[in-house]
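J.: Below is the structure I would like to discuss, written out as structure tokens.
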Amino acid sequence: YRIDVVLLQTMGWRWPVLTVSCAVFIYYYIYSRSDPRVSGHVSANSSYDYIIVGAGTAGCVLATRLSEYPDISVLLLEAGGSEEDNPVIRVPFAALELQNSEVDWAYRTEPQQKACLGMDKQRCAWPRGKVLGGSGSINNLIYVRGNRHDYDGWAREGCEGWSYKEVLPYFIKSEDIQIPEFRNSAYRGKGGPLPVKDGTVTPLADIYRQAMEELGYTVTDCNGRTQTGYCPTQENVMGGERWSTARAFLRPAMNRPNLHVIMNAHVTKILTDEKTVTGVSFIKDNIKHTVRATKEVVLTAGAINNPQLLMLSGIGPKKHLQQMNIPVVADLPVGDNLQDHILMGVTFNDRTNSAGAALPSLATMLQYLIFRSGTLSEPHLEASVFIKDDDSQFPSTQFTFYSIQNHPELIDKFIKLTNLDPKIRDGMRERFQKSINTDIGTFFIENILLHPKSRGTIRLQSADPFDPPLIDPNYLDHPDDAKVLLKGIDTMMKIANTTAFRSIGASPNDPSDEYLPPCNELPFPSKEYWVCRMAHYAYTVYHPTSTCKMGAANDVTAVVDPQLRVIGIKNLRVADASVMRNIPSGNTNAPTIMIAEKAADLILGVDSVKHIRKVTENL
Ligand SMILES: Cc1cc2nc3c(=O)[nH]c(=O)nc-3n(C[C@H](O)[C@H](O)[C@H](O)COP(=O)(O)OP(=O)(O)OC[C@H]3O[C@@H](n4cnc5c(N)ncnc54)[C@H](O)[C@@H]3O)c2cc1C
Ligand SMILES: *[C@@H]1O[C@H](CO)[C@@H](O)[C@H](O)[C@H]1NC(C)=O
Ligand SMILES: *[C@@H]1O[C@H](CO)[C@@H](O)[C@H](O)[C@H]1NC(C)=O
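Position in the sequence shown (from 1) plus 434 gives the number in this note's numbering.
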């Protein structure tokens, strides 16, 4: 129950903690059981068939799928600890609490030239999960597969086997759809490990839907036939708790005798003999270990740490490796092609305060602890709309509607986690504390750029594996990116003027109520105001991808081939968000799961989705 006291404190709780902890104690006394598998394995065998590096979204899926075959031995190594040690991870509403905590790598970007200008030293915060489940243990749980043209584009550009038709069965394989109206859809999966449920909760969802319908965006299953349109959120939540891939895939598999999972194991190098990978070395409790892979090493350490690890091991851009004094094993464009989604968030006021955006309270806390329901049981990102320009195959913009009440505590959290310039931070805190009128409801709309043309890089700052890598997303470098974001703002103003929005007096927050220097000095709403705001406060959607780009084996911009093998190296693959040739049209967790599912088949040379393909062939 200690952990729930922590939970209460981190939720910004100021009510009598004693009463609550008593309730919590009773709850845990009755319901909780300690799980002997929580801490994983303590020591490794000297060799395994497969070594998987990083137990994040992809690593948990891959380790589970490979170890379904009892003759195959698998080692899964994770730098972070157990997700079960941190009760906040389970609570869908509390995801923000996890940033900058011990389960976050808490990276910062390199100083940006055209973005992040309102941040400390022009560096934006980049959270990444450092715990079993990886970023899937700290994310917002939205389930979006992307657009069929994303995958068809990959295939057209040389990623043979990755067209929409070919990847759809792998999305379906993972899934256990809990939304009744989709249960008979051929696009959706039943009986897989990953629950997907409806994420609409407050009456605001109706307002959003009506507004978008007025503008011509009809309701769609964005994970079905048509992505574009208004899509009530689908999310990996069940029983009021987070279902990361650690929970959905790995936990039920963790006692398999042929699978070892070692946590707090920081992999420092991929070992090679000439151009053949033989194993990895890792550090646990300050002791260095070396383990051999008799078949393959598979990297699933994510889009930031895969390139770091490859470069530390001599696989990367030759010039850069030479500067770092690292012997070159293979000259490959590792760490190039970094892509991320960014957003401009706008606060809206609900003057009727009738729509009931989420606000935690003593009652909701108790409701959650006892029934796992109510406000804390949902992320409250209630819907997305995918907007397509006439001349494009896939949507250019995603709006996500976030029904959460503006509140001094909440603003304080946002301020803390965004790495704001300290001068701005203090002024902002003061202004918000004064100006927040809790009698007025609020919600947020996030205007997300889906297909950035800017490209960034991951590089090493030194040959020390414990130094964080240099992350340069190069945000807004390409002028088209700003144009698309501004177009999104125009659409947002149209949403503000719909009958549905006007019925609750919903309008964008008057910026004079906010403290967003230097943009406050500009007329609102004007193009220059939004341009200023974009440069200073546009923010990551936490979707870095594509740093170990997939392509044909003779594609000089590619790091892995369509079998996910690192080009020119034997016995080494990469199988997570870093192989995406381009960032997909939507949130990146579901596509990462798909990649890991398909990787398992590629590695084992099996076709586990034959039966699904029969159904999806003509979709
Ligand atoms: C705050 C936040 C909110 C998000 N919200 C959503 C959302 O709502 N919907 C959505 O679809 N996506 C969301 N995302 C993105 C999504 O979670 C990621 O795209 C996805 O988790 C990436 O999976 P991955 O397997 O590539 O990497 P990760 O899940 O990051 O896994 C990498 C793992 O490798 C480990 N590791 C790294 N280096 C080493 C090393 N040297 N040795 C050992 N282990 C190592 C890490 O600790 C980590 O566990 C969000 C992300 C964040 C951070
Ligand atoms: C580890 O080694 C022991 C002893 O050789 C063996 O019995 C066991 O199967 C191995 N486990 C794995 C997962 O490789
Ligand atoms: C809002 O909509 C009305 C009609 O519904 C229109 O007359 C008016 O010009 C619109 N205002 C803006 C700012 O778009």
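Even for Gly, the Cβ is constructed at its ideal location relative to N, Cα and C.
Which residues bound the alpha helix (DSSP H) around H583?
T.: Sequence index remark: in the sequence shown, residue 583 carries index 149 (1-based). R582 to R590 is the span of the alpha helix (DSSP H), which, as asked, contains H583.
J.: May I have the straight-line CA-CA distance separating R1056 from T660, to the nearest angstrom?
T.: Within the shown structure, residues of the chain are numbered from 435 to 1053, placing residue 1056 beyond reach of any answer.
J.: Exposed or buried, R448, counting other C-beta atoms within 10 Å across all chains shown (16 or more means buried)?
T.: Translated into positions along the sequence shown, residue 448 becomes position 14. In this predicted model, R448 has a pLDDT of only 45, less than 50, meaning its place in the structure is not dependable enough to derive any value.
J.: Using the Cβ count rule (16 or more neighbours within 10 Å means buried), how would you classify L1053?
T.: Taking the first residue of the sequence shown as 1, we reach residue 1053 at position 619. Answer is exposed; the Cβ neighbour count stays below 16.
J.: What number of angstroms, rounded off, separates the C-alpha of A559 from the C-alpha of C982?
T.: Numbered from 1 along the sequence shown, position 125 holds the residue referred to as residue 559. Numbered from 1 along the sequence shown, position 548 holds the residue referred to as residue 982. So the two alpha carbons sit approximately 22 Å from each other.
J.: According to the neighbour-count rule (16 or more other Cβ atoms, all chains shown, within 10 Å of its Cβ), is N1005 buried or exposed?
T.: The count along the sequence shown starts at 1 and reaches residue 1005 at position 571. Answer is buried; the Cβ neighbour count reaches 16.
J.: From F833, F866, K857 and T834, pick the residue whose C-alpha is nearest to that of K847; which is it?
T.: Here residue 847 is taken as the residue at index 413 of the sequence shown, counted from 1. Ranking F833, F866, K857 and T834 by Cα distance to K847 puts F866 first.
J.: Tell me the residue span of the alpha helix (DSSP H) that contains C966.
T.: As a working mapping, residue 966 is identified with position 532 in the sequence shown. Unbroken alpha helix (DSSP H) run through C966: K961 to Y971.
J.: If you draw a straight line from the alpha carbon of V1016 to that of L496, how long is it in whole angstroms?
T.: Here the question's residue 1016 lines up with position 582 in the sequence shown. Here the question's residue 496 lines up with position 62 in the sequence shown. Inspection of the sequence shows that residue 1016 is occupied by Asn rather than by Val. C-alpha separation (whole angstroms): 22 Å.
J.: Can you tell me the Cβ-Cβ gap for F485 and I738, rounded? I've got them flagged as a contact below 8 Å.
T.: On the sequence shown, position 51 is the one that residue 485 refers to. On the sequence shown, position 304 is the one that residue 738 refers to. Just to set this straight, residue 485 is Ile in the shown sequence, not Phe. That belief does not hold up - the Cβ atoms of I485 and I738 are roughly 20 Å apart, past 8 Å.
J.: Whole angstroms are fine: how far does the CA of Y664 sit from the CA of I1037?
T.: To locate residue 1037, count along the sequence shown from 1; it is residue 603. To locate residue 664, count along the sequence shown from 1; it is residue 230. Answer to the nearest angstrom: the Cα atoms are 38 Å apart.
J.: In this structure, does DSSP put V732 in helix, strand or coil?
T.: Residue mapping note: residue 732 aligns to position 298 of the sequence shown, counting from 1. Strand.
J.: Which same chain residues end up closer than 6 Å to I882 when comparing Cβ atoms and leaving out the 5 residues on each side of it in sequence?
T.: For this step, residue 882 is matched to residue 448 along the sequence shown. Closer than 6 Å at the Cβ level, and outside the excluded window around I882, lie H775, L777, Q832 and V975.
J.: Whose CA, out of R685, V653 and P741, lies closest to the CA of S406?
T.: The structure shown does not extend to residue 406, since the chain is modelled only from 435 to 1053, so the question has no answer here.
J.: Okay, do the region 899 to 915 and the region 957 to 976 touch, 3+ Cβ pairs below 8 Å being the bar?
T.: These segments touch.
J.: Taking 8 Å as the threshold, find out whether the region 834 to 842 comes into contact with the region 729 to 748 through three or more Cβ pairs.
T.: The answer is no - the region 729 to 748 does not touch the region 834 to 842, with fewer than three Cβ pairs under 8 Å.
J.: In chain order, what residues place their C-beta within less than 7 Å of a heavy atom belonging to ligand 3?
T.: Residues with a Cβ closer than 7 Å to any heavy atom of ligand 3, in chain order: M927, K928 and N931.
J.: Can you tell me whether R467 is helix, strand or coil according to DSSP?
T.: In the sequence shown, the residue the question calls residue 467 occupies position 33. Residue placement at R467 is poorly supported in this model, since its pLDDT is 48, which falls under 50; the coordinates still yield a value, given next. In this structure, R467 counts as coil in the three-state DSSP scheme.
J.: Evaluate M984 with the Cβ neighbour count: other Cβ atoms within 10 Å of its Cβ, from every protein chain shown; 16 or more gives buried, anything less gives exposed.
T.: Taking the sequence shown and counting its residues from 1, the one referred to as residue 984 is at position 550. Burial call: buried.
J.: Return the chain-ordered list of same chain residues with a C-beta closer than 6 Å to the C-beta of P470, the five sequence neighbours on each side being excluded.
T.: Stepping through the sequence shown from its first residue, residue 470 is reached at position 36. For P470, the predicted structure reports a pLDDT of 47, less than 50, and the residue's modelled location is therefore unreliable. A value from the coordinates is still provided. Closer than 6 Å at Cβ, skipping near neighbours: no residue.
J.: Apply the 10 Å Cβ neighbour rule to E880 and answer buried if 16 or more other Cβ atoms are within range, or exposed otherwise.
T.: Position 446 of the sequence shown, counted from the start, is the residue given in the question as residue 880. It counts as buried.
J.: With respect to 7 Å, is the separation between the Cβ of L693 and the closest non-hydrogen atom of ligand 2 below this value?
T.: Position 259 of the sequence shown, counted from the start, is the residue given in the question as residue 693. Checking the Cβ of L693 against ligand 2 gives yes.
J.: When the distance is taken between beta carbons, is R676 closer than 8 Å to P526?
T.: The residue you call residue 526 lines up with position 92 of the sequence shown. The residue you call residue 676 lines up with position 242 of the sequence shown. Going by C-beta atoms, P526 is nearer than 8 Å to R676.
J.: Hey, would you say the C-beta of Q773 is under 7 Å away from at least one heavy atom of ligand 1?
T.: The residue labelled residue 773 in the question sits at position 339 within the sequence shown. No, ligand 1 has no heavy atom inside 7 Å of this Cβ.
J.: Check whether the Cβ of N479 sits closer than 7 Å to any heavy atom of ligand 2, and report yes or no.
T.: Position 45 of the sequence shown, counting from 1, holds the residue named residue 479. Flag set: Cβ of N479 near ligand 2.
J.: Alpha carbons only, please: which of S826, G650 and P942 is nearest the one belonging to V918?
T.: Looking up residue 918 in the sequence shown gives position 484. Nearest option by C-alpha distance: S826.
J.: What's the call for V487, buried or exposed, on a 16-neighbour Cβ count within 10 Å?
T.: As a first step, residue 487 is located in the sequence shown; it is residue number 53 there, counting from the start. Buried is the call here.
J.: Using 8 Å as the cut-off, can you tell me whether the region 640 to 652 makes contact with the region 600 to 608, which would need three or more C-beta pairs spanning the two stretches below that distance?
T.: The region 640 to 652 is not in contact with the region 600 to 608.
J.: Run the CB neighbour count on I721, radius 10 Å, all protein chains shown included, and call it buried at 16 or more, exposed below.
T.: As a position in the sequence shown, residue 721 is number 287, starting the count at 1. That one is exposed.
J.: Would you give the residue range spanned by the beta strand (DSSP E) that M778 belongs to?
T.: In the sequence shown, counting from the first residue as 1, residue 778 sits at position 344. Looking at the DSSP string, the run of the beta strand (DSSP E) that includes M778 is I776 to D784.
J.: Within 10 angstroms of the Cβ of A797, are there 16 or more other Cβ atoms? Answer buried if so, exposed if not.
T.: By 1-based counting over the sequence shown, the position of residue 797 is 363. So A797 counts as exposed.
J.: What is the residue span of the alpha helix (DSSP H) that D1058 lies within?
T.: Residue numbering for the chain in the displayed model covers 435 to 1053; residue 1058 lies beyond these limits and cannot be assessed.
J.: In three-state DSSP terms, what is P666?
T.: Here residue 666 is taken as the residue at index 232 of the sequence shown, counted from 1. The answer is strand: DSSP assigns P666 an E or B state.
J.: Can you confirm whether the region 725 to 732 touches the region 705 to 713 when touching is taken to mean that 3 or more C-beta pairs between the two stretches lie within less than 8 Å?
T.: Judged by Cβ distances under 8 Å, the region 705 to 713 makes contact with the region 725 to 732, as three or more pairs qualify.
J.: May I ask you to check if the CB of G632 is nearer than 7 Å to at least one heavy atom of ligand 1?
T.: Locating residue 632 in the sequence shown gives position 198, counting from the first residue. Sequence check: residue 632 is Asp here, not Gly. Result no, Cβ not under 7 Å from ligand 1.
J.: Mind the definition here: the region 899 to 908 touches the region 530 to 547 only if three or more C-beta pairs lie below 8 Å; say whether that holds.
T.: Yes, the region 899 to 908 is in contact with the region 530 to 547.
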